[in-house]
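Let me begin by presenting the structure, written as structure tokens, before commenting on it.
2 protein chains.
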Amino acid sequence: MSRIRRTTIHDVARASGVGTTTVSRVINGGKLVAPRVRVRVEEVIRELGYQPSHAARSLAQEHTQSIGLIVPRLTDPFFSLIASAVQRICRANRHTLLISTSLDVEEQALEELAVFEQQRVDGLIVVPPARQTTLFREYCRKFSDRIIAVDLPIGSGFSSVQTDNAHAMAKATKHLIEHGRKRILFIGSDPELHTIRERQRGYAEAMARARLEPIVCEKLDSFEAVEGAILQAYKGKPGIDGIVAANSTLGIYAFQVLQKHRISIPSRVAFITFDDFALADTLRPSVTCVAQPIEQLGRVGAEMLFAQLVSPQSRSRNVQLPSELLIRESCGCKRRS
Amino acid sequence: MSRIRRTTIHDVARASGVGTTTVSRVINGGKLVAPRVRVRVEEVIRELGYQPSHAARSLAQEHTQSIGLIVPRLTDPFFSLIASAVQRICRANRHTLLISTSLDVEEQALEELAVFEQQRVDGLIVVPPARQTTLFREYCRKFSDRIIAVDLPIGSGFSSVQTDNAHAMAKATKHLIEHGRKRILFIGSDPELHTIRERQRGYAEAMARARLEPIVCEKLDSFEAVEGAILQAYKGKPGIDGIVAANSTLGIYAFQVLQKHRISIPSRVAFITFDDFALADTLRPSVTCVAQPIEQLGRVGAEMLFAQLVSPQSRSRNVQLPSELLIRESCGCKRRS
DNA sequence: CTGTTAGCGCATTCAT
DNA sequence: ATGAATGCGCTAACAG
Chain A
4 MSRIRRTTIH
14 DVARASGVGT
24 TTVSRVINGG
34 KLVAPRVRVR
44 VEEVIRELGY
54 QPSHAARSLA
64 QEHTQSIGLI
74 VPRLTDPFFS
84 LIASAVQRIC
94 RANRHTLLIS
104 TSLDVEEQAL
114 EELAVFEQQR
124 VDGLIVVPPA
134 RQTTLFREYC
144 RKFSDRIIAV
154 DLPIGSGFSS
164 VQTDNAHAMA
174 KATKHLIEHG
184 RKRILFIGSD
194 PELHTIRERQ
204 RGYAEAMARA
214 RLEPIVCEKL
224 DSFEAVEGAI
234 LQAYKGKPGI
244 DGIVAANSTL
254 GIYAFQVLQK
264 HRISIPSRVA
274 FITFDDFALA
284 DTLRPSVTCV
294 AQPIEQLGRV
304 GAEMLFAQLV
314 SPQSRSRNVQ
324 LPSELLIRES
334 CGCKRRS
Chain B
4 MSRIRRTTIH
14 DVARASGVGT
24 TTVSRVINGG
34 KLVAPRVRVR
44 VEEVIRELGY
54 QPSHAARSLA
64 QEHTQSIGLI
74 VPRLTDPFFS
84 LIASAVQRIC
94 RANRHTLLIS
104 TSLDVEEQAL
114 EELAVFEQQR
124 VDGLIVVPPA
134 RQTTLFREYC
144 RKFSDRIIAV
154 DLPIGSGFSS
164 VQTDNAHAMA
174 KATKHLIEHG
184 RKRILFIGSD
194 PELHTIRERQ
204 RGYAEAMARA
214 RLEPIVCEKL
224 DSFEAVEGAI
234 LQAYKGKPGI
244 DGIVAANSTL
254 GIYAFQVLQK
264 HRISIPSRVA
274 FITFDDFALA
284 DTLRPSVTCV
294 AQPIEQLGRV
304 GAEMLFAQLV
314 SPQSRSRNVQ
324 LPSELLIRES
334 CGCKRRS
């Protein structure tokens with residue numbers, strides 16, 4: 004491949020009869036340029052279709068005007084919504100966004116961190132993998148105060164933005180209790196996941212406060228697993244009359260299970276799931292959900308990062324964003340018309 | 004901000020008692036290094052936690068090992084799935100992915116193109132905005148053969164990957180016809196959208212072949228609009244007995260409309276929508292869909308790009324990927340058990 | 001207000 | 001097999 008001669012700052016300087024510094028100043032909006040000269044240079048820039056080289060600027064300065072984002076997947080609406088929000092804030096701050104996926108595997112995440120280090124990103128937004136060892140936390144320290152954890156925490160010393168998982172789940176559970184339900188089943192997936200643990204904790208607390216006995220099924224990871232768990236609990240001695248699901252996947256499975264086995268919702272079993280989903284309102288009955296402030300998670304995370312970049316603070320901030328209980332029919336409420 | 008002294012190739016060179024050239028060779032896997040020296044240098048690199056500067060490498064070479072992706076939105080599962088696939092292929096080719104969103108606005112897309120030009124990305128994958136003027140096409144020429152259009156074409160001279168929109172919709176329409184339906188309504192959104200036009204064309208052809216009169220409603224952009232269109236067609240002189248929807252948003256609206264007005268699916272009105280969606284299989288009745296090869300769209304697009312980067316071809320390639328008709332219940336078929 | 005100069009960190013001739 | 005020197009395109013002192 005023959006070296007392509009792109010138009011450089013020198014070309015612009017020569018064509019407009021000024022020095023490169025002046026051109027540089029014009030590009031960077033410096034006010035130390037005579038108005039007429041500025042206009043002239045801008046003209047030439049347009050004529051030549053000059054675009055400054057990002058690489059060269061980055062090299063000459065100590066920042067790259069770019070930030071990195073690591074999420075487990077991009078196929079999950081949860082993460083792509085976060086990515087979308089982060090992307091928007093980046094644009095607003097004139098930064099380029101680099102996106103990588105970790106597949107929720109620590110090793111992968113470490114590789115991505117390395118890439119971002121090479122890219123010399125100014126800051127980092129990370130939805131950490133569910134299971135992280137000290138290795139991960141140590142590597143993150145390299146970015147010290149230029150990294151924000153979203154959804155899951157990285158550890159003390161790192162700023163983070165999260166959902167009020169425990170509180171929201173407690174609220175959902177309490178709602179079912181207020182509907183008179185006493186035998187409420189909690190179905191969860193991986194109990195090692197911080198968010199899941201928190202939600203379970205909220206559930207447990209709400210049950211305890213009402214002096215009800217908690218009924219928990221963990222490690223559910225398939226339709227069949229959920230089916231087994233629900234059926235067993237339903238057919239138990241004092242069967243269940245309510246279910247709270249720890250995420251929308253489990254929630255949808257649960258809905259399908261109840262539907263498949265003709266267990267009427269909500270008359271037999273009232274039901275609330277964490278996470279809102281596309282057709283929650285369209286299913287019959289419509290599904291009451293805990294809606295996380297997903298878009299905010301990304302937005303606030305990015306805003307915190309930029310605030311940090313502008314005026315570095317040593318202490319880390321931990322923000323909890325409130326979820327909303329979207330009341331629909333599956334909990335036992337009447338449809339609002 | 005005081006200049007932070009990062010470890011450079013010089014540090015590594017000094018610490019391992021060799022020249023920078025040798026270190027550079029080790030990094031780039033050149034085979035012209037004595038094995039023992041190589042090992043030594045690699046050791047030092049690890050000890051010092053050295054990470055080569057992407058900016059410096061880019062500047063010294065004529066490529067950046069990065070490619071850019073422009074999609075209208077990241078919140079749409081269609082686009083985020085494409086992004087996910089592209090991202091995977093990029094990783095496999097050791098390239099960094101830069102993602103931007105155009106909000107489906109040409110001006111915005113042009114801005115993103117400019118940013119990517121500054122970034123000197125090696126190549127570009129673009130889902131163009133629905134409405135593009137010559138301006139857009141002209142700007143794209145700058146990237147000539149290093150740009151691939153996905154989903155929508157940019158114009159002649161540009162490589163592209165698309166769905167077989169017309170054919171797939173013809174197949175869906177034909178399927179309803181085979182179920183004995185004769186009054187089939189096509190509901191579409193923006194007729195300026197290339198994909199929508201193609202789908203409508205496929206519908207029209209299938210109807211024509213069966214000597215049936217086409218019934219078309221365009222420019223539907225809300226639940227209310229769809230509701231009005233369907234109700235009018237349904238209550239018409241010879242009411243409709245089938246519907247094909249041009250995308251999943253319209254499809255879901257249509258489903259909700261039929262459900263809301265107690266128009267039985269499929270006995271009264273059989274129904275197929277373009278685009279598969281999360282709960283299509285869970286709704287009652289389950290919804291027959293035309294499933295686009297979304298993931299492939301992104302993957303093939305990216306693969307074409309990398310192939311192009313490795314061995315440039317002047318002629319552009321236009322690939323059409325086949326969609327699949329996912330038979331479920333709404334078309335009138337029986338549920339497979 | 002403006003131009004000259006010296007790096008930024010790396011790949012790359014060209015010698016050795 | 002290896003190193004010294006040069007330049008990639010730009011910004012940032014430092015003069016003028």
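These protein sequences, in sequence, are chains A and B. Using this note's numbering, read the first sequence as starting at 4 and increasing by one per residue. Using this note's numbering, read the second sequence as starting at 4 and increasing by one per residue. We put the CB at the ideal spot given by N, CA and C, even for glycine. None of the values given here were measured: they were computed from a predicted structure.
* Answer yes or no: do His170 of chain A and Ser326 of chain A have a C-beta to C-beta separation smaller than 9 Å? => Position 167 of the first sequence, counted from the first residue, corresponds to residue 170 of chain A. Position 323 of the first sequence, counted from the first residue, corresponds to residue 326 of chain A. Yes, Cβ-Cβ distance for His170 of chain A and Ser326 of chain A is below 9 Å.
Handout entry: Per-residue DSSP class, three states only, for Gly160 of chain B
Key = Your numbering for residue 160 of chain B matches position 157 in the second sequence. DSSP places Gly160 of chain B in coil when its eight states are reduced to three.
inquiry  = Within 10 Å of its beta-carbon, does Arg202 of chain A have 16 or more other beta-carbons around it, so buried, or fewer, so exposed?
reply    = Here the question's residue 202 of chain A lines up with position 199 in the first sequence. Buried, by the Cβ-count rule.
message = Since Leu188 of chain A and Leu223 of chain A should fall inside the 8 Å C-beta cutoff, what is the C-beta to C-beta distance between them, to a whole number of angstroms?
response = Along the first sequence, one-based indexing puts residue 188 of chain A at 185. Along the first sequence, one-based indexing puts residue 223 of chain A at 220. 11 Å between Cβ atoms; not a contact.
Could you have a look at Leu273 of chain B and say whether DSSP puts it in helix, strand or coil? Sequence index remark: in the second sequence, residue 273 of chain B carries index 270 (1-based). At residue 273 of chain B the sequence reads Ala, which differs from the Leu that was named. Strand, per DSSP.
request  = At 3 residues or longer, and completely inside the stretch 271-316 of chain A: list those beta strand (DSSP E) runs for me, N to C.
outcome  = 273-277, 291-294
What would DSSP say about Glu227 of chain B, mapped onto helix, strand or coil? Looking up residue 227 of chain B in the second sequence gives position 224. Looking at Glu227 of chain B - three-state DSSP - the assignment turns out to be helix.
| If you run the structure through DSSP and keep just helix, strand and coil, what is Pro150 of chain A? | The residue labelled residue 150 of chain A in the question sits at position 147 within the first sequence. For the sequence presented, residue 150 of chain A should be read as Ile rather than Pro. Strand at Ile150 of chain A.
N- and C-terminal bounds of the beta strand (DSSP E) containing Ala248 of chain A: For this step, residue 248 of chain A is matched to residue 245 along the first sequence. Residues 245-248.
In whole angstroms, what separates the C-alpha of Ile275 of chain B from that of Leu312 of chain A?
If you number the second sequence from 1, residue 275 of chain B lands on position 272. If you number the first sequence from 1, residue 312 of chain A lands on position 309. Cα to Cα, Ile275 of chain B sits roughly 51 Å from Leu312 of chain A.
Problem set entry | 6 Å Cβ shell around Ser5 of chain B - same chain, five flanking residues per side excluded | As a position in the second sequence, residue 5 of chain B is number 2, starting the count at 1. Unreliable placement is indicated for Ser5 of chain B, whose pLDDT of 37 sits below 50; the coordinate value is still reported in the next sentence. No residues qualify anywhere along the chain.
Strictly below 7 Å CB to CB, what residues from chain B border His57 of chain A?
The count along the first sequence starts at 1 and reaches residue 57 of chain A at position 54. Neighbours of His57 of chain A on chain B, chain order: Gln121, Gln122, Arg123.
Discussion item. With a threshold of 9 Å between beta-carbons, can Ile102 of chain A be considered close to chain B, or not?
Written reply: In the first sequence, residue 102 of chain A corresponds to position 99, counting from 1. At least one chain B Cβ lies under 9 Å of Ile102 of chain A.
Suppose you measure from the CA of Lys185 of chain B to the CA of Arg200 of chain B; what does that come to, to the nearest Å?
In the second sequence, counting from the first residue as 1, residue 185 of chain B sits at position 182. In the second sequence, counting from the first residue as 1, residue 200 of chain B sits at position 197. Between Lys185 of chain B and Arg200 of chain B, the C-alpha separation is close to 22 Å.
query = What three-state label does DSSP hand Met4 of chain B in the structure shown?
reply = By one-based count along the second sequence, residue 4 of chain B stands at place 1. With a pLDDT of 32 at Met4 of chain B, under the threshold of 50, the modelled position of that residue is not reliable, and no figure is offered here.
Residues that Phe280 of chain B contacts on chain A, provided the C-beta gap is smaller than 9 Å
Here residue 280 of chain B refers to the residue found at position 277 when the second sequence is read from its first residue. Correct list: Ala281, Leu282.
Check: Where do the N-terminal and C-terminal ends of the beta strand (DSSP E) with Gly126 of chain A fall, by residue?
Finding: On the first sequence, residue 126 of chain A is found 123 positions in, with the first residue counted as 1. Gly126 of chain A -> beta strand (DSSP E) spans 126-129.
Margin query: To the nearest angstrom, how far is the alpha carbon of Thr137 of chain A from that of Gln316 of chain A?
Written below: Locating residue 137 of chain A in the first sequence gives position 134, where the first residue counts as 1. Locating residue 316 of chain A in the first sequence gives position 313, where the first residue counts as 1. Between Thr137 of chain A and Gln316 of chain A, the C-alpha separation is close to 24 Å.
Practice prompt. Give me the Cα-Cα distance between Ala58 of chain A and Gln64 of chain B, rounded to the nearest whole angstrom.
Written response: The residue you call residue 58 of chain A lines up with position 55 of the first sequence. The residue you call residue 64 of chain B lines up with position 61 of the second sequence. Cα to Cα, the separation comes out at about 11 Å.
### Query
In angstroms, rounded to a whole number, what distance separates the CA positions of Asn2 of chain A and Glu141 of chain A?
Residue 2 of chain A falls outside the range modelled here, since chain A spans only 4 to 340, and no answer is possible.
Query raised in the report: Would DSSP call Val21 of chain B helix, strand or coil?
Result: For the purposes of this step, residue 21 of chain B is taken as residue 18 along the second sequence, with counting starting at 1. In this structure, Val21 of chain B counts as coil in the three-state DSSP scheme.
Review point. Any Cβ of chain B within less than 9 Å of the Cβ of Val153 of chain A?
Key: As a working mapping, residue 153 of chain A is identified with position 150 in the first sequence. No, its Cβ sits nowhere closer than 9 Å to a Cβ of chain B.
For Ile266 of chain B and Ala257 of chain B, believed in contact at Cβ under 8 Å, the rounded distance: On the second sequence, residue 257 of chain B is found 254 positions in, with the first residue counted as 1. On the second sequence, residue 266 of chain B is found 263 positions in, with the first residue counted as 1. With 8 Å as the limit, Ala257 of chain B and Ile266 of chain B do not qualify as a contact, their Cβ atoms being about 10 Å apart.
Check: Among A:Ala152, A:Pro217, A:Phe226, which one has its Cα closest to the Cα of Lys177 of chain A?
Finding: What you label residue 177 of chain A is simply residue 174 of the first sequence in a count that begins at 1. Checking every option, the nearest Cα to that of Lys177 of chain A belongs to A:Pro217.
Margin query: Count Cβ pairs between the stretch 99-113 of chain B and the stretch 287-297 of chain B that sit closer than 8 Å; are there 3 or more?
Written below: no
Sequence-distant residues of its chain with Cβ nearer than 7 Å to Ile73 of chain B (five each side left out): Within the second sequence, the letter at position 70 stands for residue 73 of chain B. Cβ within range, chain order: Ser103, Ser105, Ala112, Glu115, Val129, Val130.
Practice task
Give the DSSP-derived three-state secondary structure of Leu329 of chain B in the structure shown.
Solution key: Numbered from 1 along the second sequence, position 326 holds the residue referred to as residue 329 of chain B. The answer is strand: DSSP assigns Leu329 of chain B an E or B state.
Quiz item: From B:Tyr53, B:His66, B:Gln165, pick the residue whose C-alpha is nearest to that of Met307 of chain B; which is it?
Solution: Position 304 of the second sequence holds residue 307 of chain B. The residue with the shortest Cα to Cα distance from Met307 of chain B is B:Gln165.
Identity of the residues DSSP links to Ser103 of chain A by a beta bridge
Counting from one through the first sequence, the residue named residue 103 of chain A turns up at place 100. Ser103 of chain A is bridged to A:Ile73.
Roughly how many angstroms lie between the CA atoms of Gln68 of chain A and His98 of chain A, to the nearest whole one? As a first step, residue 68 of chain A is located in the first sequence; it is residue number 65 there, counting from the start. As a first step, residue 98 of chain A is located in the first sequence; it is residue number 95 there, counting from the start. Distance between the alpha carbons of Gln68 of chain A and His98 of chain A is about 5 Å.
Practice item. For the alpha helix (DSSP H) holding Gln111 of chain B, just list the boundary residues, first then last. Key: Numbered from its first residue, the second sequence carries residue 111 of chain B at position 108. From DSSP, the alpha helix (DSSP H) with Gln111 of chain B extends over 109-121.
query: Helix, strand or coil for Phe168 of chain A per DSSP?
result: Taking the first residue of the first sequence as position 1, residue 168 of chain A is located at position 165. It should be pointed out that residue 168 of chain A corresponds to Asn in this sequence rather than to Phe. The answer is helix: DSSP assigns Asn168 of chain A an H, G or I state.
Point to revise | Alpha carbon of Val44 of chain B to alpha carbon of Phe139 of chain A, nearest angstrom | key: Your numbering for residue 44 of chain B matches position 41 in the second sequence. Your numbering for residue 139 of chain A matches position 136 in the first sequence. Those two C-alpha atoms are separated by around 25 Å.
Check your understanding: Quick one: what's Val322 of chain A bridged to in DSSP?
Key -> Counted from its first residue, the first sequence places residue 322 of chain A at position 319. The partner list for Val322 of chain A (beta bridge, DSSP) reads A:Val164.
message = Quick check: is the beta carbon of Gly52 of chain B nearer than 9 Å to any beta carbon in chain A?
response = Walking along the second sequence from the start, residue 52 of chain B turns up at place 49. Yes, Gly52 of chain B counts as interfacial toward chain A.
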